[in-house]
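See below for the structure under consideration.
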Amino acid sequence: MTITALKQPDAASQRKRGFGYRAAKMLLTQRIALLGLLTVIVLAVMVSLNSAGALSGSYDADYLAAALISAVPLAMLGLAQLMVILSGRGGIDLSVGAIVSLCGIVFGYSYGVWDLGLFVSILLTAAAGALCGAVNGFLVAYIGFPPLIATLATFYAFKSLALIISGQKPISTVQIQEFFSAAQAVEIPLIGQNLPNIPLGIFTFLIPTAALVWVLLNRTTFGRRLFALGTNDVAAAWAGVDTRANRMSAYVISGLISGLVAIVAVAQFASARPDAGVSGNGMALPAITIAVLGGVAITGGIGRVSGILLATLLVVWLNAGILLAFAGNEGTQFQLLALGVLLIGASLLNNLTRKKFGVLH
Amino acid sequence: MSEHPTTPRIAMRGISKNYGGVRAIRQADLTVQPGTVHALVGENGAGKSTLIKILAGAEQPDTGTIEFDGKPVTITSTTDAIRLGVQTVYQEPQLFPDLSITENIFVGREIKRGVRVDWAAQAAQIQELLDMIGLPHKLATAPVGDLSIAQQQQVSIAKAVAGDASILILDEPSAILTDAEISVLFSIVRRLTARGVAVIYISHRLDELFEIADTVTVMRDGQTLDTYDIQDLTVTKIAELMVGGILTEQREPRSFHNVAPTLELHNIDLGQLLNGINLQVRPGEILGLYGLLGSGVAEIAETVYGMKQPTGGRMLYQGKPMVNKGPAAARRRGITLVPANRSAQGVFSFQSIGFNISIGDLAKLSPLKGWVNKRRERDIVLDLIKRLGVKTPNENQPISAMSGGNAQKVVIARQLLSTPKLLVLAEPTQGVDVGAKEEIHRLIGQLAASGTAVLVVTTDLAEVLRISDRVLVVREGSIAAEFGPDATQVDILAAASGAVTTRKAS
Amino acid sequence: TGSASGGANTGTTTVAFVPKLQGIPYFEAMNAGGKKAAEELGIKWLYQGPTTADAAAQADIVRSFIQQKVDTLIVAPNDPDSMAPLLKQAQDAGIKVATADTDAPNSVREVFVNQTTEQNHGKALSESLMKAMGGSGEFAIVSCSETAANLNAYIDVIKKDVAANHAQAELVDLVYAGEDQAKAAAMATDLMNAHPNLKGIVGLCSAAAPGVAQAVKDAGKIGKVFTVGGGTPMSMAPYLKDGSSSAAVLWDVQNLGYLTAWTGKELADGKQLQSSFDVNATIKGVKYDPATKVELLGPPLVFTKDNVDQYKY
Amino acid sequence: MSTHLQSRTPAAAGTPSPRKMLPRRVTGQEIVLIGIITVLWILLGFLTPAFLTPGSILPLLVAVAPIALVGVGMTFVIITAGIDVSVGAAIMVSAVITAQTMVATGIPLIPALLLSIGVGALLGLANGLLVAYGKIHAIIITFGTANLFQFIGLRLFGSSTVNGVPGTFDVFGRGEAGRTLGIPHSFAITLIVVAIAWWYLRHAASGRHLFAIGGNANAARLAGINVKPLVLMTYVITGALVGLAACFVIAQGTSTLDQSVGVGRELAVIAAVVIGGTSILGGRGSVLGTLLGAILVQTVSSGVTQLGWPSQLSDLFVGAAIIAAVGTDIIRERSRRKP
Ligand SMILES: Nc1ncnc2c1ncn2[C@@H]1O[C@H](COP(=O)(O)OP(=O)(O)OP(=O)(O)O)[C@@H](O)[C@H]1O
Ligand SMILES: Nc1ncnc2c1ncn2[C@@H]1O[C@H](COP(=O)(O)OP(=O)(O)OP(=O)(O)O)[C@@H](O)[C@H]1O
Ligand SMILES: [Mg+2]
Ligand SMILES: [Mg+2]
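Residue numbers (my numbering), protein chains in the order written: chain A, 1 to 361; chain B, 362 to 867; chain C, 868 to 1180; chain D, 1181 to 1519.
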């Protein structure tokens, strides 16, 4: 009736508007378009700085490929945050870093000390991660803890447990040291000769995880239910969605992914460190940052796998470039500046988007 | 009455407002005289709420002027509006769940001594206000979050009345109130108009306008059509103005199959809320459940659907005992429900229409359990959109961009993914315009005709009489009376409000 | 790809050093020593550290230096095990690799520039403490990171030395305060309360050493509780002077930085290190063990109120 | 006439006295916390006799002060349904500017205090403007500004420490100079701030408005409350208290200030606030609870050290304390909401 009468002229007028308007709208409403553009800008600026000789090392394909090694844990934990933030009601997981620490020790013992073999060790570690996630999920979904609080509590608890069960010592037996090969850069078969070597973790961990999460979210009914309860918890319950079980599953998956990241971290560091995920600023805050930058709405129900992956690429390549652009201590300091500006800038843009175009994707 | 002798309290001229691409209102005019009740009517999405939000300072217009008592004013915030004496009861209660009723009523204009809130002075005033709206005194300190929706609406009204209003705006206040509560509201409104307050009254219950309104402005497609004296109008006339055509009353005769009941409730209890509920509904039958808010009528629907677990009694479904652990279990059995509160319980706002429909039965989306086949989803969704006449360019539109009536159809479509054996509809047409209401009623009739047992839970008297084969009246957690289709509104209302205590055989 | 001997730099030898973290006096003093060496030896000295003592952040920086194709890459690893593979990667890229301050024993590093042995350092700490405590009484240790290998090694040495040589002294508690001075002070306060007879506290790292001294000062227990620790001279000077700290055990950090840079140049030039050598007028008698490939700056330096003002870092 | 309402009416029977109109003075959560803390202190008093001595309690209270102080601001922020994860980095910036100025100019106590508070308030203003007027979720904004503040702080440190910080702030310290009649000044100031904040939140109209904003920001706007300035104010207050807390942190540190100052404090502060019963969803909370929460956390970590247990255990107990405290709160709320 009336609504279509109001809408149709709008659709028509949109068709009439020029390419510029549509491009701007796409950049603002499609987070991945914006991230893609930013990544291209970063690459272009760095490459031109490079050819102008303003960088202290060459910003080339080899370097970009080598930098991808830090993309693996970052993007995977970003995906873990995607799952829980999507589930709504303030979903967030502050404990992922602590789970990485704890599960790293589990992997260190099972693979490096008890010698259970790679396959069993991976299963055990992933199960430990899922169990940690289940604790979070139970507190959030069944008891009704706000996620920020539940995961803050388990962050403290898991972090402490990792130190206690490891006796504060990293596990670095021969097996663990040799496990580094799992993180090494490899040549891509067939087409690899002309391309730089890519860190193995991209293929063994990141791509499978990303594919799995994508399929879960976009091709399974679980994904539908997750989006539903993230968008409107009450409506989901009335539509027959078991909100508690599904919300809990999101946290279990987040824990599971964190468990896998623990294996990546062990491989990358050639040792199982009880503070692997919490030292420095920890792994949780960067992961949340990646998720937000990747366009995941903190209120739930909106978010895409591609956004996480692109945001990771942007941050990792930008950071790598900054290290070459600023010598000395400034390098790492300017990384903080860049991240802060990106995060606030992207959020302000989101806001503009909502005002101008309504919904955001 | 258009040539009123006095200066209008408010004169809005040439008001337009766009939301992104949506033109919510276009060149609307509204002139309201002091001491009158001015009704604003129009289909869902006609722009009524938007127009009054502009007056209340909650939204800023793109174009237009506003005059207050003959002087031009600019209203850029709710503070500006409140300063002019504009008090508003919004369509959705705007309250603070953790604060007490007293604090809710005084929030924003506390009685103060210095910076400190004068609790004692507020306490003295609150009693008077609670008396006026008919809420018990003991609720003064209760957190608003503990109240029922209807009580919250009453608090909103008290809040607006407590302010020194020169204009009182009521946006569909009656939609969730019972008739008793509405009559309290009307007496308040009359008292205020007697003091010279101008009241703007928005409602879809056209019949009540004849009780309270002096003038009526009709809106359509974001425009104000014209303003009429209430004496010059009838319900049919208003409805015709609203939809811009002639409404034909059509009652399709329903054929009633006398077969084994789909659902039987035997002495169902639910804590203090329900006691000893007995009812039966058969395939093809439409059973109306009428009750005032708080009567327990809503709880019957929730119990059947598995949202609440009965504390006593038996439920039989297709002749077999049934325990519904939750809505999912009910749906697996073929019981679906359209919830009463569309925005809170029904709609996944920024998701697409397709998403909003298919969430009802994800198992249908692929032969493989747990899997989503996008093409199959599209086919199913498009089919339902067509069957229900949802007005949308495609199934990917977010449901938040739709009018109330269309959104309601989407929520109904969700229940029809597989033809339900038992369909429960709670307030199926609340806040839905006349045209859409018509279509929804026809749809319910069609479903019944195809063999679905239908349970309609409503507080809309006209509706329950119009579509039901039988009407059960619920009062204080029990079935108070049963009526056949020949009952009158008076019979039912009397039963619901306690005048009739004996059960009348049908 | 660029030539083998450098991308951005042309001709001059480039030595890069990655500290555990930036902004703390210890590593900034090494940086100062390295800069001085660079001026005197005509090399290019690069210094870049993470903002927190984080192995992953450090790895990113090491990777960027590999990319810059420096001639020599020297690292003070936060996590020796995780640094080993990266050093291998650097070596494969034709870069000379070494460690300084903290070793990565299972790596391909060609030299470890050691300030002093863990044995010597631990022993100097325990001897200074025992001297202050008069060889008897209860003492406690406030360490920093739970996982720092060198700190844990010092703890072992102290335990053994006290057990062997000071039977009346007893280690009653060991706590970890992270790299946080205030937390170290709070924990030292708790230790003094829990053990009223406590006579000594070791503040093991450069954050804990001033922290424990401050706690003793605040508790008004100067002269009753004695502290020693691994603090840098300028941060320890006030405490050494008021007696809340009896001794700070460290080494000449600027000289260590100088030696690090010098060693980097030697490696780049492909020279063989002698078993004992002098670097300049102040750095003399450096030992080198070809079997373990470890350079040794010399014995630890004990700062007291008498000599602390000679060191400006 | 309102018979139909009777089955749904909650709350006690009878007309309330004006006294009952007042918001509750002490919440259930606070009573629980007082109980837990009392039990813990008595228990620790038995297990380690030194615990209940002034030499142990006073430093504990001094250590509580900065966390509780920032916690007061954080409580304001969280009541409005916001959050500020940048307070750790903001402490760093305030502390380094103040310490450097003291070293360079030797300014006396009051100007130094004002400087630190001013810097903190300025950082809070940046947060507040972005949250209130940028209309972005507070957690995102403050994650962003946390990075920016950390950048600013590190640049100011200039890869060095601030050495020879004068003892100007010793009046807030752990030592003898920091006490009068045995009461630590820093804790006394914190108590005063808590008391003022408690009164403000309970009795001042604008204090009540903070609860309204947290309960339903749109309804608050529609009720004519100036939401944005009030939200802005909560961040500025948090910033100012961060500035004051930075002075306490300097006083509790050594004569050398290094760049680890403030790092990770935000989580400790948030932990204290949520243990104190403030709802992270907004609309409900108390500063008294926050103070008690901070005391509980500090008691746990001091207790673990004094008992001679491995210090790594204290985080485990903090985690457990959060779950226990918030869990009882959730269960109590739920049982209250059930008629
Ligand atoms: N915030 C908004 N953003 C986008 N569109 C909006 C917004 N609010 C209203 N609209 C659109 O503006 C039009 C007018 O809406 P409005 O709420 O004023 O209608 P109404 O007459 O009050 O309808 P109802 O009877 O259903 O309450 C509708 O098409 C609606 O979808
Ligand atoms: N028994 C009573 N009868 C009538 N009015 C009362 C009574 N007790 C208190 N009041 C009124 O209620 C208001 C609040 O009381 P009061 O001034 O004691 O609060 P307060 O001191 O600010 O807070 P608290 O009660 O927590 O100490 C006052 O204005 C007082 O006049
Ligand atoms: Mg409306
Ligand atoms: Mg009083």
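Cβ atoms here follow ideal geometry from the backbone N, Cα and C, with glycine treated the same way.
Within-8 Å CB hit, residue i to chain D
i                 : result
Ala555 (chain B)  : no
Tyr874 (chain B)  : Chain B is shown only over 362 to 867; residue 874 (chain B) falls outside these bounds and no answer can be derived.
Asn329 (chain A)  : yes
Glu1013 (chain C) : yes
Lys1172 (chain C) : no
Residues sharing a beta bridge with residue i, DSSP
i                 : result
Tyr589 (chain B)  : B:Val577
Trp912 (chain C)  : C:Val882
Trp732 (chain B)  : A:Thr220
Gln322 (chain B)  : No statement about residue 322 (chain B) is possible, as the shown extent of chain B runs from 362 to 867 and does not include it.
Ala400 (chain B)  : B:Tyr562, B:Val577
Thr392 (chain B)  : B:Ala372
Asn379 (chain B)  : B:Arg384
Glu824 (chain B)  : According to DSSP, Glu824 (chain B) bridges with nothing at all.
Asp1040 (chain C) : C:Ala1007
Met1054 (chain C) : Met1054 (chain C) is not bridged to any residue.
Within-8 Å CB hit, residue i to chain A
i                 : result
Val885 (chain C)  : no
Leu602 (chain B)  : no
Arg1464 (chain D) : no
Arg748 (chain B)  : no
Thr1418 (chain D) : no
Gln1121 (chain C) : no
Residue-level contact to chain B via CB, residue i, 8 Å cutoff
i                : result
Thr209 (chain A) : no
Leu349 (chain A) : no
is_contact[residue i, chain C] using C-beta, thresh 8 Å
i                 : result
Glu1356 (chain D) : yes
Residue i beta carbon near ligand 6 (any heavy atom closer than 7 Å)
i                : result
Ala574 (chain B) : Absence of ligand 6 is noted for the structure shown, with ligand 1, ligand 2, ligand 3 and ligand 4 being the only ligands found.
Three or more C-beta pairs under 8 Å: does that hold for the segment 102-122 of chain A against the segment 1475-1493 of chain D? no
Which runs of the alpha helix (DSSP H), 4 residues or longer, sit entirely within the segment 435-517 of chain B? 439-445, 462-467, 480-494
Complete alpha helix (DSSP H) runs within the segment 1091-1174 of chain C (minimum length 4 residues, chain order): 1100-1109, 1120-1135
Any chance the segment 811-828 of chain B sits against the segment 635-653 of chain B, with 3 or more Cβ pairs inside 8 Å? yes
Sufficient close CB pairs (3 or more, under 8 Å) joining the segment 960-976 of chain C to the segment 1061-1075 of chain C: no
With a cut-off of 8 Å, do at least 3 Cβ pairs link the segment 1215-1228 of chain D to the segment 1414-1430 of chain D? no
Along the segment 1046-1067 of chain C, where does the CB come closer than 7 Å to a CB of chain D? Name the residues. Glu1046, Asp1047, Gln1048, Ala1049, Ala1052, Ala1053, Met1054, Thr1056, Asp1057, Leu1058, Asn1060, Ala1061, Pro1063
Closer than 9 Å, Cβ to Cβ, to anything on chain B: give me those residues from the segment 1397-1410 of chain D, in chain order. Asn1398, Ala1399, Ala1400, Arg1401, Leu1402, Ala1403, Gly1404, Ile1405, Asn1406
Can you check the segment 766-806 of chain B for any beta strand (DSSP E) of at least 3 residues that lies completely inside it and give the ranges in chain order? 783-787
Which runs of the beta strand (DSSP E) spanning at least 3 residues fall entirely within the segment 1380-1438 of chain D, listed in chain order? none
If you measure beta-carbon to beta-carbon, which residues of the segment 889-919 of chain C are closer than 8 Å to chain A? Gln889, Gly890, Leu913, Tyr914, Gln915, Gly916, Pro917, Thr918, Thr919
Give, in chain order, every residue of the segment 237-252 of chain A whose Cβ lies closer than 9 Å to some Cβ of chain B. Ala237, Trp238, Ala239, Gly240, Val241, Asp242
Go through the segment 295-326 of chain A residue by residue and report every complete run of the beta strand (DSSP E) that reaches 3 residues or more, in order. none
For the segment 1070-1099 of chain C, list every residue whose C-beta sits within 8 Å of some C-beta in chain D, in sequence order. Ala1074, Pro1077, Gly1078, Ala1080, Gln1081, Ala1082, Lys1084, Asp1085, Ala1086, Gly1087
So, do the segment 1031-1044 of chain C and the segment 982-992 of chain C have three or more beta carbon pairs nearer to each other than 8 Å? no
Determine which residues of the segment 293-306 of chain A have a Cβ less than 9 Å from any Cβ of chain B, and write them out in chain order. Ala297, Gly301, Ile302
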